[in-house]
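Protein chains in written order, with this note's numbering: chain A, 21 to 378; chain B, 4 to 234.
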């Protein structure tokens, strides 16, 4: 019965009824993709894109990106996970093809709002063309995603030297102090070109990188003026969030309030991790924790209060230090920024772009 | 602790997942959904302030990598014609891309590549199979909307669209394909060019609510099948 179904109907069965037979029919019998004048199955078409992506930006992706991007795109159109429950945690087992087929169907609906005969052969070809474009889109978007993941193998370190701030991509396994020490011992202080410094780092440390030098921000030093982290070294993070924030706080302990400074870096790290763990467990008890770490209730409240929005004329300065720093750490993470931008909780995409263009 | 910092829990959990971006997207959706419940109202207000802080930091840092990522994603959506915004938004995005020569070049390359891949979809190809073996392929357009496959002998036939979709299947026997059986006692009028009788189809089968019409003709030794694309 599946052989005679239109591509649209098959997609509906996959997206809305999790129909595995429909998915099998799509993957094994439907030659809805064209490449070099020949009809292709999904997997063959995608393989062609992997081998010859055509649209190729050597700065942005190479073979190290195309392979995982191929796998990711296969998953986007093949994985049929169990239906999610409303109280499920956000654990994911990779992409779910129902979302991708669903998005494709929504697009078709918007494109042809007045079409009442979606099973016609002429529509079949138009719809196949849209699906092909969707697959191309998701393959290239997978390339971008994999590039961002690879970027995660590096951390951006702002090297302060001779009164200048030079952004350098360093291996993610190196802590800030190690970065500073390595650069101090290997790079001539008079070397001003960040490209040369970056080349030295890449040559000596065999840093895994897919970002082009042009993507390193050129004026981080200027742009961070006014931030209370002005004179600190910043890094983008690849660890879990709690560890990243804890490291950030410990590395910049000199900029904390006196009561927090008094804890010392190790104890401060421990405190931050404990707070994140408690929040994850839904059982943060601020007073006992403050007592355990020898902090006053007031110091603990300024550092990590969980209720801070109920004040008249709420301002950013009302946000406790730990959450303010967490926001700053998250802002350095491209995955988070991209997800937030797309979810509409950050700001609109066009606003970001306009602010960068102008 | 109640729900004032619930968003930190979801974001932290998402960062532990292998597919981080997908997990983060799911987490942010979850935070938004929970935020509409009264018991999460305060937490959601704090989340909004928190995200404003994140946004401020991104702007302050002039997050070039992010904007380049977004520009590339937009280029892909526009070039593949899968961008979901309205015409005005589309125009605005194209203006932004064209404001930068590098982006403009990249967009042009991508668009050309995708347009080349799309060409073969312009014609409608249908394969005719007898007992699962191909016996002919026709290519139909609005201008050239009737095609014939000849030399057919009895068997089980299928018409398949080039996309692999089955359009029609059925048995054609001697009664359908051989003149002596189909029109017993009637004289055979041979068409000058094909050797097939053109006068009247033995069978006419509408396919897909009549969008296609299949006409079966009988011949002296073999029959033929005519596929007509309507309107």
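The beta carbon of each residue, even a glycine, is placed where N, CA and C say it ideally should be.
Residue 250 of chain A (DSSP reduced to helix, strand or coil)
With a pLDDT of 32 at residue 250 of chain A, under the threshold of 50, the predicted position of this residue should be treated as unreliable, though the coordinate-derived value follows. In the structure shown, residue 250 of chain A adopts coil according to DSSP, grouped into three states.
Counting only runs that start and end within the region 8 to 56 of chain B, where is the alpha helix (DSSP H) found for 4 or more residues in a row?
9 to 18, 23 to 38
Flag this pair as touching only if the region 147 to 156 of chain B and the region 221 to 229 of chain B have three or more C-beta atom pairs under 8 Å; answer yes or no.
Output reads yes: the region 221 to 229 of chain B touches the region 147 to 156 of chain B.
If you reduce the DSSP assignment to three classes, tell me which class residue 28 of chain A lands in.
The three-state reading of DSSP puts residue 28 of chain A in helix, counting H, G and I together.
Are residue 155 of chain A and residue 53 of chain A touching if we call contact CB-CB under 9 Å?
yes
Use the C-beta contact count for residue 204 of chain B: other C-beta atoms within 10 angstroms, 16 or more gives buried, fewer gives exposed.
buried
Take residue 46 of chain A as the anchor and find which of A/61, A/94, A/38 has the nearest alpha-carbon.
The alpha carbon of residue 46 of chain A has as its nearest neighbour, out of A/61, A/94, A/38, the alpha carbon of A/61.
Can you give the Cα-Cα distance for residue 26 of chain B and residue 18 of chain B, rounded to whole angstroms?
7 Å
Which full runs of the beta strand (DSSP E) of 3+ residues lie inside the region 159 to 227 of chain B, going along the chain?
169 to 175, 206 to 210, 215 to 220
Where does the unbroken alpha helix (DSSP H) through residue 200 of chain A begin, and where does it stop?
196 to 206
What first and last residue would you give for the beta strand (DSSP E) that runs through residue 136 of chain B?
Note, residue 136 of chain B: beta strand (DSSP E), 136 to 143.
Please confirm if the region 205 to 223 of chain B is in contact with the region 170 to 182 of chain B, defined as three or more CB-CB distances below 8 Å between the two stretches.
By the Cβ criterion, the region 205 to 223 of chain B is in contact with the region 170 to 182 of chain B, since at least three pairs of Cβ atoms, one from each stretch, lie closer than 8 Å.
Helix, strand or coil at residue 292 of chain A according to DSSP, with G and I counted as helix:
It is helical.
Enclosing beta strand (DSSP E) for residue 151 of chain B [first to last residue]
149 to 155
Taking 8 Å as the cut-off, is the CB of residue 148 of chain B close to at least one heavy atom of the ligand MN?
Of the ligands one can find in the structure shown there are none, so the ligand MN has no counterpart to examine.
Considering only residues of the same chain and omitting the five flanking positions on each side of residue 207 of chain A, which have a CB-CB separation below 7 Å?
217, 220
Which chain B residues sit within Cβ distance under 9 Å of residue 328 of chain A?
7, 49, 52
Alpha carbon to alpha carbon, how far is residue 282 of chain A from residue 10 of chain B? Give it in angstroms, no decimals.
29 Å
Assign residue 118 of chain A to one of three DSSP states: helix, strand, or coil.
Helix, per DSSP.
Taking the alpha carbon of residue 219 of chain B as the reference point, which residue from B/131, B/102, B/40, B/77 has its own alpha carbon closest?
B/131
By the three-class DSSP mapping on this structure, what secondary structure does residue 178 of chain A have?
strand
Opening and closing residue of the alpha helix (DSSP H) in which residue 67 of chain A lies:
62 to 71
Reference residue 147 of chain A; option with closest CA among A/134, A/127, A/326, A/262:
A/127
Would DSSP call residue 36 of chain A helix, strand or coil?
helix
Expressed to the nearest angstrom, what Euclidean distance is found between the alpha-carbon atoms of residue 103 of chain B and residue 330 of chain A?
Rounded to the nearest angstrom, the gap between the Cα atoms of residue 103 of chain B and residue 330 of chain A is 45 Å.
Kindly say whether residue 133 of chain A, judged by its beta-carbon, lies nearer than 9 Å to any beta-carbon of chain B.
no
Of the choices A/122, A/339, A/92, whose alpha-carbon is the least far from that of residue 158 of chain A?
A/92
Contact set between residue 35 of chain B and chain A, taken where Cβ atoms lie within less than 9 Å
363, 364, 365
Verify the CB distance criterion: does residue 209 of chain A have a CB-CB separation below 9 Å to chain B?
Output row for residue 209 of chain A: interface = no.
Using DSSP bridges, identify the partner residues of residue 128 of chain B.
DSSP lists B/142 as partners of residue 128 of chain B.
Near residue 125 of chain A, which residues of its chain fall below 7 Å by C-beta distance, leaving aside the five closest residues on each side in sequence?
31, 32, 35
Compare the Cα-Cα distances from residue 269 of chain A to each of A/85, A/184, A/344, A/201 and report the closest residue.
A/344
Within 9 Å of any Cβ in chain B, is that where the Cβ of residue 300 of chain A sits?
yes
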